[in-house]
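First residue of the sequence shown? That's 24 in our numbering, and the numbers climb one at a time after it. Think of the CB as a built atom: it goes at the ideal place given N, C-alpha and C, for glycine as much as any other residue. This structure is a prediction, so every number in the text was calculated from the model and none was measured.
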Amino acid sequence: MIARWQAILMGVAFLRVAMLPAATPLRQPPTNEALFIQALVKPALQAIHSTIPRPGPLLIQARAQDPLSQWLVRQLVDSTLAEGWQVFLTPDSLNSRWYRVQLSQARGQLQYRTVGRRLLLFASKTQRRLDAQLHLQLVAPDGKVLYSNTLTRTLADTIPHGRRHDLENRELPFTKGVSNSNGTARRWVEPLLVTASTATAVYLFFVLRND
């Protein structure tokens, strides 16, 4: 009888531990804006470095006026200026010696998906995924196309549950992600199984106690 009681109590303790959320990592995850820099800005800068001789000059323009395209222009302007390039935003009618940096088809989609153990409506962690794309074209002063390529990058990591809004920037709408559900089975079946197991353990405890 004592051995059976010990086994049941150990089972209940194990279930309680299994239902606890995973420990929150100490490392601060990068912001969503930082992910876009890693996925699009850095590859574009690498292409500029390997294709165009310094100090340029560079004429950086985007064909679209959407927030992501205009943000990319600002990031490239700030980065190239900091590196010592000569940078223009509008063409000079008296001078056409600049190298054109043309951005188009800029896209980015952020998704969140709950992973790990679930306890009813609570989760231990969230998976973050960014799918980003940018078409970059580099043109010489004489009109020769030096580089033309679509940059694509997928980044994924895990962030603490409930921290997603801290990593978004309200002023940059493209940094706001969307939730991607794991499906009904994982969302509801697993919590029901945990609840049923706990109820069974409690039931057996009282049955054996009355024996």
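Selected residue, minimal CA-CA separation from residue i, among the options
i      : options                        : result
ASP154 : GLU56, THR137, LEU178          : LEU178
GLN150 : ILE182, ASP165, VAL162, ASP189 : ILE182
TRP108 : SER202, ARG186, ALA87, ILE71   : ILE71
THR54  : GLN134, PRO196, ASN203, ASP189 : ASP189
ARG123 : PRO90, ILE60, ARG86, LEU195    : ARG86
GLU194 : LYS167, PRO90, ARG97           : PRO90
LYS65  : VAL100, ARG50, VAL201, HIS184  : VAL100
Same chain, Cβ closer than 8 Å to residue i, five either side skipped, listed in chain order
i      : result
PHE111 : PRO80, LEU81, LEU82, ILE83, TRP121
PRO196 : PRO90
6 Å Cβ shell around residue i - same chain, five flanking residues per side excluded
i      : result
ASN192 : GLU56, THR198
LEU63  : ALA155, LEU157
THR175 : GLN156
SER202 : TYR135
ARG39  : Below a pLDDT of 50, predicted positions are generally treated as unreliable, and ARG39, at 49, falls in that range; no measurement from the model is reported.
Per-residue burial, residue i [other beta carbons within 10 Å of its own, 16 or more giving buried]
i      : result
THR137 : buried
SER92  : buried
GLY185 : exposed
Whole-Å CB distance - residue i paired with residue j, under 8 Å assumed
i      : j      : result
VAL162 : GLN134 : 34 Å between Cβ atoms; not a contact.
PRO52  : ASP180 : 7 Å
Neighbourhood of residue i by C-beta distance below 7 Å, restricted to the same chain and skipping five residues each side
i     : result
ALA67 : LEU99, LEU157, LEU159, LEU174
Q. Using 8 Å as the threshold, is the region 162-175 in touch with the region 102-117, meaning 3 or more CB pairs across them?
A. no
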